[in-house]
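From first to last, the protein sequence lines stand for chains A and B.
Counting in our numbering, the first sequence runs from 1 upward without gaps.
Counting in our numbering, the second sequence runs from 178 upward without gaps.
We put the CB at the ideal spot given by N, CA and C, even for glycine.
These numbers come from a predicted model, not from an experiment.
To start, the structure under review is shown below, and the notes come after it.
Protein chains: 2
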Amino acid sequence: MSLKHAILVLLETEPSSGYDLLKQFNNSLGYFWNAKHQQIYQQLKLLALDGLIDCTTEEQQGKPDKKVYKITKSGVGELTSWLSNSVKPNKINDALLVKLYGGHLTNNENLLKELEDHLLLHKTTLIQLRQIEQKYLKFSPEVQEKYKLPYITLRRGILGEEAWLDWALESIKMIKK
Amino acid sequence: MSLKHAILVLLETEPSSGYDLLKQFNNSLGYFWNAKHQQIYQQLKLLALDGLIDCTTEEQQGKPDKKVYKITKSGVGELTSWLSNSVKPNKINDALLVKLYGGHLTNNENLLKELEDHLLLHKTTLIQLRQIEQKYLKFSPEVQEKYKLPYITLRRGILGEEAWLDWALESIKMIKK
DNA sequence: ATGATCAATGCAATTTATTGCATAATAAAA
DNA sequence: TTTTATTATGCAATAAATTGCATTGATCAT
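Spelled out as structure tokens, the structure:
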């Protein structure tokens with residue numbers, strides 16, 4: 001279970017609300033960690049109960065109140081100790097591949113449609129990731145050095161999406177042939 | 178939820194026991210679907226209750242009894258209908274990337290060790306996938322045509338692992354620098 | 001004016017997945 | 001000879017994730 005640690009990692013950079021975290025999960029972090037809002041809010045509650053984060057309520061005009069969470073010393077301790085242990089290899093469960101694997105029970109149009117729908121999504125993602133990369137590459141060497149590790153995770157997204165697209169194009173050709 | 182459908186897809190090819198399925202999930206299908214034995218056995222029970230699969234018990238000498246499951250007409254129906262709908266894009270939750278993202282709280286040796294451990298696993302997987310591909314490429318054109326769709330999923334595994342390795346090597350260099 | 005989207009959070013119920021424990025026989029390896 | 005791996009299955013408890021429903025006030029578009 002590392003939703004907990006994904007949240008702690010984000011809060012270690014800066015205090016945020018559940019909604020802020022949600023946006024981070026949906027945008028920048030989305031290519032390596034996904035979570036729904038309910039999951040985040042529940043987890044924040046648990047983390048606060050365990051004393052790993054602190055909560056303060058901010059009132060806002062015209063908008064609902066905001067609960068801002070901040071990592072505690074104990075939270076940093078938990079995170080550091082988690083980092084010192086090895087993580088499990090990523091579990092892959094890809095329904096699209098299940099569908100292709102059993103695709104002889106349906107028609108090629110259906111499979112091609114599905115592939116092309118996903119293709120669009122992946123193309124969009126890749127464009128976004130490359131835009132983030134362009135920003136990073138314009139930073140000074142010092143700033144680049146500072147954000148080296150997040151950049152490495154961004155590269156994973158880019159190389160991963162490129163490979164996905166290569167595969168999809170190759171597959172579409174193969175199915176059409 | 179497509180563990181259900183992953184199982185139906187496998188049973189549509191040939192009747193199998195839970196243990197047989199487990200081996201398929203751990204070997205060939207492992208690069209796109211993972212499940213533990215408890216999950217498979219429970220799901221088989223539910224599928225049988227729903228009449229999507231049938232069960233017959235085979236006695237064996239020297240080994241425990243084997244329950245062989247076979248897909249029913251109703252099961253093929255369910256599978257076909259699932260195939261006609263679109264599937265959700267794959268959800269990625271990769272703890273290794275979370276660790277790297279927050280890696281400034283630990284030391285580079287730790288990160289490099291972790292990356293190299295994963296590297297070994299991915300290398301092994303890639304070798305296995307390539308071996309399967311070699312076998313496929315020796316088939317006659319007719320047989321290749323027949324297994325085209327599973328081959329496409331295999332290609333996903335190969336391209337995915339290659340991209341993973343490229344990324345890891347690049348990342349290791351970047352961290353060492 | 002009416003519906004849609006964004007900001008912000010939450011409860012409750014259900015579904016899925018994981019962990020821990022348990023059995024039992026055979027064969028192969030240390 | 002003792003331990004480990006393989007074959008084969010399962011229950012029970014817990015943990016994690018998903019789905020459905022709900023609120024409120026602002027702004028933005030039709």
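For A/E58, the enclosing beta strand (DSSP E) stretches over residues 53 to 58. Contact check for B/N267 against A/A95 passes: the beta carbons are separated by less than 8 Å. DSSP places B/V320 inside the alpha helix (DSSP H), whose first and last residues are 318 to 323.
Of all residues in the region 140 to 151 of chain A, those with a C-beta nearer than 7 Å to a C-beta of chain B are K148, L149, P150, reading in chain order.
Unbroken alpha helix (DSSP H) runs of no fewer than 4 residues, entirely contained in the region 38 to 112 of chain A, are found at 73 to 84, 95 to 101, following chain order.
Take the alpha-carbon of B/L187 and the one of A/V143: they are about 51 Å apart. Among the residues of chain B, those whose CB is under 7 Å from the CB of A/H118 are P266, following chain order. Going by DSSP, A/F25 is part of the alpha helix (DSSP H) stretching over 18 to 26. Bounds of the alpha helix (DSSP H) holding B/L180 are 180 to 190. Using a C-beta cut-off of 8 Å, the region 327 to 344 of chain B makes contact with the region 302 to 315 of chain B, since at least three inter-stretch Cβ pairs fall below that distance.
Neighbours of A/H104 in chain B, taken as residues whose beta carbon is under 8 Å from its own, are L326 in chain order. With respect to the C-alpha of A/E114, the residue from A/S17, A/S171, A/L8 having the closest C-alpha is A/S171. Contact between B/L223 and B/G252 is ruled out by a C-beta separation of about 12 Å, above the 8 Å threshold. By the Cβ neighbour-count rule, B/G280 is buried, with 16 or more other Cβ atoms within 10 Å of its own. Along the region 243 to 270 of chain B, the positions whose C-beta sits under 7 Å from a C-beta of chain A are L256, T257, L260, S261, S263, V264, K265, P266, N267, K268, I269, N270, read in chain order.
Taking the Cβ atoms as the reference, B/F202 lies roughly 11 Å from A/I92, outside the contact range of under 8 Å. The alpha-carbon of A/P64 is positioned some 15 Å away from that of A/S16.
Just measuring C-alpha positions, the residue of A/K70, A/K148, A/D117 sitting nearest B/L274 is A/K148.
Beta-carbon to beta-carbon, B/I352 and B/N284 are separated by about 10 Å, too far to satisfy the 8 Å threshold.
Burial state of B/H214 is exposed, judged by a 10 Å Cβ sphere holding fewer than 16 other Cβ atoms. Contact of B/R332 with chain A by beta-carbon distance below 8 Å involves W167, E170, S171.
Interface with chain A (8 Å Cβ-Cβ cutoff): B/H182 is included. Between A/L3 and B/L282 a beta carbon distance of about 18 Å is seen, past the 8 Å cut, so the two are scored as non-contacting. Counting only Cβ-Cβ distances below 8 Å, A/E12 has contacts in chain B at G279, L282, in chain order.
For the C-beta of A/K99, the chain B residues within less than 7 Å are, from N- to C-terminus, L260, V264.
When secondary structure is reduced to three states using DSSP, A/W33 falls in the coil class, being assigned neither helix nor strand. The C-beta distance from A/V68 to A/E58 rounds to 6 Å, short enough to meet the 8 Å contact threshold.
The three-state reading of DSSP puts A/K177 in coil, since its state is none of H, G, I, E or B.
Less than 8 Å divides the Cβ of A/Q43 from the Cβ of A/I7.
Under the criterion of beta carbons closer than 8 Å, A/L111 and A/L100 qualify as touching, at roughly 6 Å.
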